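The sequence shown lines up with residues -12 to 670 when you count with this note's numbering. All C-beta atoms in this analysis are idealised placements derived from N, C-alpha and C, irrespective of residue type, glycine included. Being a predicted model, the structure only gives us computed values, none of them experimental. Here's the structure, in structure tokens; my notes come after.
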Amino acid sequence: MKQLTGLAAILAMTTLMTTGCGGDRNTTDTAADNFQWQIDRFDDINVLRYQVPDFDSLTLRQKQFIYYLSQAAICGRDILYDQNCKYNLPVRRTLEAIYTGADGVDKTAGEWKAFEKYLKKVWFANGVHHHYSGDKFKPEFNESYFDTLLAATPAERLGDIQGSLLDTVKLVIFDPTLYPKRVDQTAGVDMVAASACNYYDGVTQSEAEAFYTALTDTTDKQPVSYGLNSQLSKGKDGKVVERVWSANGMYGPAIREIVKWLELAAAVADTPEQEAYTKTLIEYYKTGDLRLFDEYNVAWVQDTKSTVDYVNGFIENYGDPLGYKASWESTVNFKDFEATKTTRIISDNAQWFEDHSPIDPQYRKPHVKGVSAKVITVAMLGGDCYPSTPIGINLPNADWIRRDHGSKSVTIANITAAYDAAAAGNGFAEEFILRPEDRELRARWGTVGNNLHTDLHECLGHASGQLAEGVRGDELKNYGSTLEEARADLFALYYMNDPKLVELGVIPTLDVAKTEYNNYMMNGLMTQLTRIEPGKNIEEAHMRNRALIANWVYERGKEDKVVEFVTENGKTFVMVNDYEKLRGLFGELLKEIQRIKSEGDFKAGMELVENYGVKVDPKLHGEVLERYAALNIAPYSGFVNPRYIPVSDDKGAISDVKIEYPMDYVEQMLTYSSDYSFLPNRN
Ligand code: ZN
């Protein structure tokens, strides 16, 4: 609902589902053939690189703009660590001090390798909890070994991490009962107390809810996003207060660095409008005034002319169990003009799709407001988009801005291309797809189908539908994000197989839909289970959404064998038999989930999610884990960033910006930690 990016959802699908060889856009790029995509591998993680095609064809001014924005994109890294858990910064710094400073330690020993792996995981997750599941990492080395490492590390390297703070750091690393989950949305618990994230300090869930309910003015048609940019804590007098994240507030030292680079960027923006809203963003960062953030967003969403674009701020609230507070993130990107043509066709026809949506007519939007869609090349990732990153984004999140001004939807082509190139030939299709014709379809249309799903999900799905009179939009509570993702996915799936897409020239054949249906059902019913630890349920919202959809349509179509499980040689396969009927079932579920959202029907929403999206069949789960392990495919991927190097002329002015593609994950992390770390250990 508030959270409208396809982020992890689509990211997950791509990492799990694509094995094709790059699709139409990438196959002729011979330079890409020699590019080393994967540069590191540890635990369940692949670290990849992405290319920034056409960077050199940008103007000098645009390159400069990207350079300044890319610096601003790195400067907020510490903020995210602290948001994820208040001890993440001292934990990271302790680990780094040991890693770079420990003397006389055997670095070939298994324990050292385990220590290094733990640090790599902390970097990847921006903290001690898994970036996707939110579970705290278990170190594979013991505390006495850690003490040995600490003893071998010069004390001055640890700065103020001494005494009780160092004791706490050790507890955070080694005590599994302390901060076990970053976000805990288990029904019935105090979600604030149970979650390790640092958005609330010393307040209970009911105090937090009371605080924000009191601020809500139901007559305000343009409410600010209350609580978005602050920590809620208790003042000395025991009163609940917000500590606002601004240049002079909490996280001030990092925000002032961001502002410094944004000021340089504003001076070389693409258009006067872009310069103006960048200055509004700067004012917002300086003051923390959420009205300025809305003002910035309204101007930003209307800017469809700029070639270079960026996101920089407190954007997504997945990390807050109550959904008020946003994690810090940034992306810098520029338009892929060629690929945007298809996306334009979809957004130009947004009203047609809305009018023909299989939902109750009263919940259709009579006037779909400016859904602007484009395909972009990302040039820099930061904060919550780094190293794990989305392949589609739809912003802004404020409901009233979306209602009155529309939203911007992007598909990130160079990230998808990198995933596909890195996954080529990993054996996944041979292992999990039974029919040879399905494997051929996937090789031919897998990437196209995936990108089309992203386009439809981001550009039409989230933007579609309307609420009934008097429904606020937050009634579905902790089930809200799962149901919202399901709604957008279903919209995409339903239209994917519509002849209208061929008629419009979006796709050449409905084979694209077939392969996407195959992939979606296989993933939702089976292969996404590779991300779940044995014995656990599905918790992450996007995974719940996919399980919900797949299980519901499977069950509804069981009698007709629309989709079936087939066993061959002891291995389970998912097979789609009737694509037309499957489309009909997607439409039926879309209708029901739209009704649930429009009417704020919490009970029906909860039942759908709990009955179809949570439980795991242990036998099938075990089989999937085994087959994945045999293939040695990492379930998650993320990226190192390119490096931008300004070149100066004799007068000291920037005459060019060069791009480099670093090969070393550890080096990038250590560089970011030494050169872009601005926050103290306690914030
Ligand atoms: Zn989404």
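Would you call V176 buried or exposed, if buried means 16 or more other Cβ atoms sit within 10 Å of its Cβ?
exposed
Using the three-state DSSP reduction, which class does S120 fall into: helix, strand or coil?
coil
Look at the Cβ atom of Q51, then the Cβ atom of I641, and state whether they are nearer than 8 Å.
yes
Taking one C-beta from the region 471 to 487 and one from the region 391 to 401 each time, how about it: are there three or more such pairs within less than 8 Å?
no
Coil, strand or helix - N113 by DSSP:
coil
How should Q23 be labelled, buried or exposed, when 16 other C-beta atoms within 10 angstroms of its C-beta is the threshold for buried?
exposed
Going by DSSP in three states, R169 sits in which element: helix, strand or coil?
coil
What number of angstroms, rounded off, separates the C-alpha of D134 from the C-alpha of G97?
16 Å
Smallest Cα separation from R459: which of F589, G511, V397?
F589
E472: CB within 7 Å of a non-hydrogen atom of the ligand ZN
yes
Hey, would you say A366 sits closer than 8 Å to N320, going by beta carbons?
yes
Hey, how far is the Cα of L76 from the Cα of L106?
12 Å
8 Å Cβ cutoff, E579 in contact with chain B
Although the question refers to chain B, the structure presented lacks it and comprises just one protein chain.
Is it true that the CB of N532 sits closer than 8 Å to the CB of A694?
A question about residue 694 goes unanswered here, because the residues of the chain that appear run from -12 up to 670.
With a threshold of 7 Å (Cβ to nearest heavy atom), would A591 be considered close to the ligand ZN?
no
Does DSSP put G189 in a helix, a strand or coil?
coil
Decide if the region 21 to 41 is in contact with the region 229 to 236; the criterion is three or more beta carbon pairs, one per stretch, under 8 Å apart.
no
Range covered by the beta strand (DSSP E) that runs through D643:
641 to 647
Let me know the secondary structure DSSP gives P495 once reduced to three states.
coil
Say whether the region 414 to 425 touches the region 556 to 568, bearing in mind that this needs 3 or more beta-carbon pairs closer than 8 Å, one atom from each stretch.
yes
Below 7 Å, is the gap between the Cβ of H118 and the nearest heavy atom of the ligand ZN?
no
Tell me, please, whether the region 519 to 528 touches the region 602 to 622 by the rule of three or more beta-carbon pairs shorter than 8 Å.
yes
My parser needs the beta strand (DSSP E) runs of 3 or more residues fully inside the region 318 to 355; what are they?
none
For the ligand ZN, is there any heavy atom lying closer than 7 Å to the beta carbon of A479?
no
Heavy atom of the ligand ZN less than 7 Å from the Cβ of A475, yes or no?
yes
With S624 as the anchor, note down where its beta strand (DSSP E) starts and where it stops.
623 to 627
Are there any heavy atoms of the ligand ZN lying less than 7 Å away from the beta-carbon of H440, as far as the coordinates show?
no
Distance between R669 and I378 (C-alpha atoms, nearest Å):
33 Å
Please go through the same chain and pick out, in chain order, the residues whose beta-carbon is closer than 6 Å to the beta-carbon of L572, but skip the five residues on each side of it.
V540, R543, G544
Taking 7 Å as the cut-off, is the CB of H444 close to at least one heavy atom of the ligand ZN?
yes
Once you ignore the five residues that flank G88 on each side, which residues in its own chain have a CB closer than 7 Å to its CB?
T140, P141, R144
In the DSSP output, which residue or residues are listed as bridge partners for S635?
I641
Any heavy atom of the ligand GTP within a distance shorter than 7 Å of the CB on H449?
As far as ligands go, the structure on display features the ligand ZN and does not contain the ligand GTP.
Got a sec, what are the start and stop residues for the alpha helix (DSSP H) T364 sits in?
T364 -> not in any alpha helix (DSSP H); beta strand (DSSP E) instead, spanning 358 to 370.
Does DSSP put M483 in a helix, in a strand, or in coil?
helix
Within 10 angstroms of its Cβ, does S344 collect 16 or more other Cβ (buried), or is it exposed?
buried
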